[in-house]
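To start, the structure under review is shown below, and the notes come after it.
Protein chains in written order, with my numbering: chain Y, 1 to 480; chain D, 481 to 960.
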């Protein structure tokens with residue numbers, strides 16, 4: 001056995017891992033022991049910590065005690081079964097084990113040579129996902145940290161594919177047309193951030209009109225493209241969303257693809273949240289027409305039970321992304337030919353071994369086990385919507401095809417402005433109990449409460465509890 | 481106790497965590513049980529895996545057995561004490577425990593509200609690091625995944641700070657000058673990738689001449705800026721490197737900063753690898769003049785014993801980055817005022833709880849414990865260089881101020897072309913033993929072997945072993 005000269009010797013390592021293991025088990029067994037949103041005010045946690053790093057090391061026990069004393073009660077518990085905010089997520093135990101192993105191996109999955117197992121496991125996982133999603137066989141997948149980076153990457157690739165030599169010569173100091181990206185008012189903000197970063201500019205992000213179910217109108221898209229081309233601007237890409245962030249509306253991919261193919265524009269499908277549900281036969285319709293698109297992103301870290309971060313980007317032609325980003329300095333040249341070097345597909349060079357947790361989860365649940373969970377979440381959301389829709393004074397505010405419901409308390413005696421304010425108060429009151437955590441959005445400009453279901457441990461009783469709290473607080477605070 | 485409807489029940493979770501804990505302990509106790517570079521050929525690992533995901537779940541034991549059977553022997557072991565390639569890194573046990581806990585909490589550290597503890601711990605860790613590095617008190621830090629993303633982010637911010645309304649109006653379809661970024665031939669490739677992505681273009685990345693120790697020549701920088709301004713191009717940023725990737729040369733930050741302040745150009749200091757060593761008093765000189773720069777990046781995941789990914793970006797004026805990237809959709813507006821919402825500082829929205837592992841490591845080692853390790857690594861590299869320099873036929877190829885040595889076998893009887901080829905053969909032969917893993921680079925256009933030290937468990941005997949293998953293989957294969 002090797003002698004260590006490091007801070008954590010074998011015995012301390014054993015204690016540390018055992019202690020963490022015990023804590024993790026208890027955490028999952030008794031989530032109700034924690035408030036969902038912590039009872040802390042800004043600055044309170046920082047005030048519990050010293051202003052300088054210690055000069056001498058401290059025993060692991062002491063660190064762990066502070067983790068329990070400071071971090072745990074100061075955390076918003078995303079893994080809590082009563083977390084209903086944003087997109088509710090869930091980190092499966094098998095994936096947590098995988099993350100510990102990945103941190104131990106700590107490979108940088110940038111070149112095949114630096115990580116053969118990580119590289120090939122990623123390739124195989126992408127084939128598993130491709131088949132589960134029923135995508136064309138020539139499509140290939142790459143794992144990124146987030147859908148934001150994946151979306152940024154394809155938009156950069158789409159820009160490169162315009163053939164304007166932007167990679168080499170840049171966009172300024174020469175005569176190039178304005179580039180245009182088409183989205184809707186429901187599209188995730190990362191597309192606009194990408195437009196800023198890529199030098200496209202916010203003004204060149206075109207918001208195409210939606211129908212009354214918050215879906216992009218293909219004929220409005222065609223008109224917008226026409227107008228831009230007439231004005232000598234150059235369409236760069238269209239982003240269609242399958243499962244928008246506010247209402248989970250599903251843009252009509254096939255009809256949009258008709259326009260993008262006709263006009264030869266890159267079509268990116270952002271299915272970050274809803275994509276995993278497309279492995280369920282009765283929900284595969286959401287991706288109808290995706291075979292006519294150029295790229296598709298979905299986030300297993302949203303709704304496939306792996307912890308942040310793991311976003312999957314599928315590409316019809318991966319060589320376009322590689323051509324846009326590959327840049328190999330001498331010290332990273334390798335003798336292997338015909339291998340995938342994942343650093344060629346984006347900005348980042350070093351990459352974590354993310355495929356491991358996806359492998360653990362897909363195998364531990366099996367595809368059918370995952371489908372069962374997603375169906376269960378969707379059914380719970382539908383049941384919740386049915387409760388809201390029959391409750392006097394309450395209303396569902398948008399179609400709810402998946403596991404998210406937008407709703408509000410809208411009694412006849414309140415006008416729209418009052419309703420906005422009152423629902424914000426209800427949200428605040430409900431969240432302040434610490435028993436549940438919901439978030440809000442706006443639907444057609446009106447304040448909406450939003451309940452999202454996605455946790456492995458969320459049961460009907462948890463949803464019911466949220467509903468009872470909402471009704472109770474609305475009644476208690478009811479304006480007279 | 482809550483009843484679960486999920487794949488991994490309490491008992492399986494206990495088994496899984498215990499089994500992973502045992503495996504991690506054994507892994508660190510007996511690293512020699514593994515080849516550093518695996519004996520696999522491309523495709524071999526993929527061939528061991530089925531082509532489709534299982535429909536039904538399998539017991540955790542089976543998954544873990546496959547991890548040991550397929551992944552472990554197929555991995556390049558970055559955490560091995562005889563890993564001497566690229567920048568050698570080391571994942572400390574305390575950080576691995578932290579990663580497991582972070583994956584369990586699985587917070588998205590995007591808004592204060594979604595993660596008060598993660599947000600404030602990040603703020604405090606950044607203050608700890610700022611003091612350890614002796615940076616100006618008004619500087620603030622943000623954690624990113626990689627130095628590539630951090631560098632990209634500051635270059636985007638620097639572009640925004642030019643006042644050309646690029647965020648709003650974009651870079652094309654209008655009359656803007658070409659933007660210029662100044663680096664050297666030794667600068668990390670991520671800067672050129674950022675230039676591509678930002679629409680600056682590869683042709684606008686200017687390589688300033690170096691002195692004979694591979695450091696940027698400030699007067700050459702000044703001349704390059706002059707020439708560009710005369711040609712009506714617009715300087716965007718200068719990137720100085722503290723610890724270049726090939727030779728770990730240190731650009732003269734103070735002298736470069738004189739030029740950038742004189743001409744009002746953003747100065748970014750890339751200390752991804754060497755930055756952590758600046759917490760050692762006798763190595764703080766490397767950052768002399770950094771207080772005159774605009775931003776500084778360093779990677780605790782390179783040389784501060786946290787696993788991928790954790791890169792720290794310090795900013796003189798964080799508001800510039802926030803202004804360049806902040807974009808808050810309705811569903812992410814929050815009632816808290818005066819708090820940090822880290823999603824405002826970059827492309828990514830969701831962010832992992834990375835500060836936790838830095839906290840665990842800084843406390844478990846203490847600053848002095850980390851300094852002790854870095855000094856030890858540097859001393860080992862210096863000793864290795866001394867062996868090479870006195871060995872007939874061998875030579876050190878560049879100054880080696882830190883923990884990396886570039887060297888080669890260059891007997892008089894071989895010409896330069898033969899030397900290049902022969903050293904590549906030596907590298908191949910040495911790595912093929914599986915006992916050590918080194919990488920290469922080019923120094924002044926000549927093939928160089930490169931030995932990097934950075935592992936907590938690397939001992940003098942490991943370095944000696946590498947040296948003996950190198951000499952043995954050179955002798956064995958010696959061209960007649």
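Where is the CB? At the ideal position from N, CA and C, for every residue including glycine.
Bear in mind the structure is a predicted one, so any value in this text is a computation, not a measurement.
Worksheet entry | For residue 514 of chain D, three-class secondary structure by DSSP | coil
Item to complete: On the DSSP bridge assignment, give the partners of residue 663 of chain D in chain order.
Response: D/687
Practice prompt. Please go through the same chain and pick out, in chain order, the residues whose beta-carbon is closer than 8 Å to the beta-carbon of residue 926 of chain D, but skip the five residues on each side of it.
Written response: 877, 888, 896, 899 and 900
Fill in: Beta-carbon spacing of residue 216 of chain Y, residue 260 of chain Y below 8 Å
In this structure, residue 260 of chain Y does not lie closer than 8 Å to residue 216 of chain Y by Cβ.
Item to complete: Kindly list, in the order they appear in chain D, the residues whose Cβ is closer than 7 Å to that of residue 189 of chain Y.
Response: 807 and 809
Worksheet item: Residue ranges of each alpha helix (DSSP H) run of no fewer than 4 residues wholly in the region 527-605 of chain D, ordered along the chain?
Response: The qualifying runs are 540-546 and 573-585.
Item to complete: Take residue 953 of chain D and list the residues in its own chain whose beta-carbon comes closer than 6 Å to its own, dropping the five residues that flank it on each side.
Response: Excluding sequence neighbours, residue 953 of chain D sits near 906, 909 and 910.
Discussion item. Any beta carbon of chain D sitting closer than 8 Å to that of residue 116 of chain Y?
Written reply: yes
Fill in: Limits of the unbroken alpha helix (DSSP H) element including residue 353 of chain Y
First-last for residue 353 of chain Y: undefined, no H or E at that position.
Worksheet item: Between which two residues does the alpha helix (DSSP H) harbouring residue 461 of chain Y extend?
Response: Element bounds for residue 461 of chain Y: 460-477.
Worksheet item: Mind pulling the chain Y residues with CB within less than 7 Å of residue 708 of chain D?
Response: None at all; the shortest Cβ gap to chain Y is about 11 Å.
Practice prompt. Determine contact between the region 648-665 of chain D and the region 767-781 of chain D, defined as no fewer than three beta-carbon pairs at a distance below 8 Å.
Written response: no
Worksheet entry | Span of the alpha helix (DSSP H) around residue 722 of chain D | Where residue 722 of chain D is concerned, there is no enclosing alpha helix (DSSP H), given that its DSSP letter is neither H nor E.
Worksheet item: Taking the alpha carbon of residue 753 of chain D as the point to measure from, which residue in D/667, D/867 and D/658 has its own alpha carbon closest?
Response: The option with the nearest alpha carbon to residue 753 of chain D is D/667.
Fill in: residue 208 of chain Y at chain D interface by Cβ criterion, 8 Å
no
Worksheet item: Any idea what DSSP makes of residue 487 of chain D, helix, strand or coil?
Response: The pLDDT assigned to residue 487 of chain D is 48, lower than 50, so where the model puts this residue is not dependable, and the model offers no usable value.
Worksheet item: Hey, residue 569 of chain D and residue 934 of chain D are a contact pair by Cβ (cut 8 Å); roughly how many whole angstroms apart?
Response: 6 Å
Worksheet item: Between residue 460 of chain Y and chain D, is there a C-beta pair that is closer than 8 Å?
Response: No, its Cβ sits nowhere closer than 8 Å to a Cβ of chain D.
Practice prompt. Quick one: using the 10 Å Cβ neighbour count with 16 as the cut-off for buried, is residue 230 of chain Y buried or exposed?
Written response: exposed
Worksheet entry | For residue 481 of chain D, three-class secondary structure by DSSP | Any reading at residue 481 of chain D needs caution, since the residue's pLDDT is 39, under 50, leaving its predicted position unreliable; the model's value is listed next. Residue 481 of chain D falls in the coil class under three-state DSSP.
Worksheet item: Are the CB atoms of residue 829 of chain D and residue 565 of chain D nearer to each other than 8 Å?
Response: no
Fill in: Euclidean distance between Cα positions of residue 884 of chain D and residue 755 of chain D
14 Å
Item to complete: Take residue 118 of chain Y and list the residues in its own chain whose beta-carbon comes closer than 7 Å to its own, dropping the five residues that flank it on each side.
Response: Excluding five sequence positions before and after residue 118 of chain Y, the CB atoms of its chain that fall closer than 7 Å to its own CB belong to 107, 109, 353 and 355, given in chain order.
Worksheet item: Going by other Cβ atoms of all chains shown within 10 Å of its Cβ, with 16 needed for buried, is residue 699 of chain D buried or exposed?
Response: exposed
Practice prompt. Pull up the distance between the alpha-carbon of residue 200 of chain Y and that of residue 649 of chain D, whole angstroms please.
Written response: 7 Å
Worksheet item: At a Cβ threshold of 8 Å, is residue 233 of chain Y touching chain D?
Response: Yes, its Cβ sits closer than 8 Å to a Cβ of chain D.
Worksheet item: Which one of D/784, D/773 and D/531 has the shortest CA to CA distance from residue 852 of chain D?
Response: D/784
Worksheet item: Using the C-alpha atoms, what's the distance from residue 99 of chain Y back to residue 563 of chain D?
Response: For residue 563 of chain D and residue 99 of chain Y, the distance between alpha carbons rounds to 22 Å.
Item to complete: Could you name the residues of the region 879-893 of chain D whose beta carbon sits closer than 7 Å to any beta carbon of chain Y, in the order they occur along the chain?
Response: none
Fill in: Cα-Cα separation, residue 485 of chain D to residue 365 of chain Y
Bear in mind that the predicted position of residue 485 of chain D carries a pLDDT of just 44, short of 50, making it unreliable; the figure below should be weighed with that in mind. So the two alpha carbons sit approximately 11 Å from each other.
Worksheet item: Ordered along the chain, which non-local residues of its own chain (more than five positions away) have a Cβ less than 6 Å from that of residue 320 of chain Y?
Response: 157 and 161
Discussion item. Per the DSSP calculation, residue 775 of chain D is bridged to which residue(s)?
Written reply: D/748 and D/795
Item to complete: State the Cα-Cα distance for the pair residue 515 of chain D and residue 322 of chain Y, rounded to the nearest angstrom.
Response: A direct Cα-Cα distance of roughly 31 Å separates residue 515 of chain D from residue 322 of chain Y.
Worksheet item: When Cβ atoms are compared, which residues of the region 541-558 of chain D fall closer than 9 Å to chain Y?
Response: Listed in sequence order: 542, 543, 544, 546, 547, 550, 551, 552, 553, 554, 555, 556, 557 and 558.
Item to complete: Figure out for me which residue from D/716, D/701, D/626 and D/602 has the closest Cα to the Cα of residue 788 of chain D.
Response: D/626
Discussion item. Distance cutoff 8 Å, beta carbons only. Does residue 7 of chain Y sit that close to anything in chain D?
Written reply: Note that residue 7 of chain Y scores 49 on pLDDT, short of 50, meaning its location in the model is unreliable and no value can be drawn from it.
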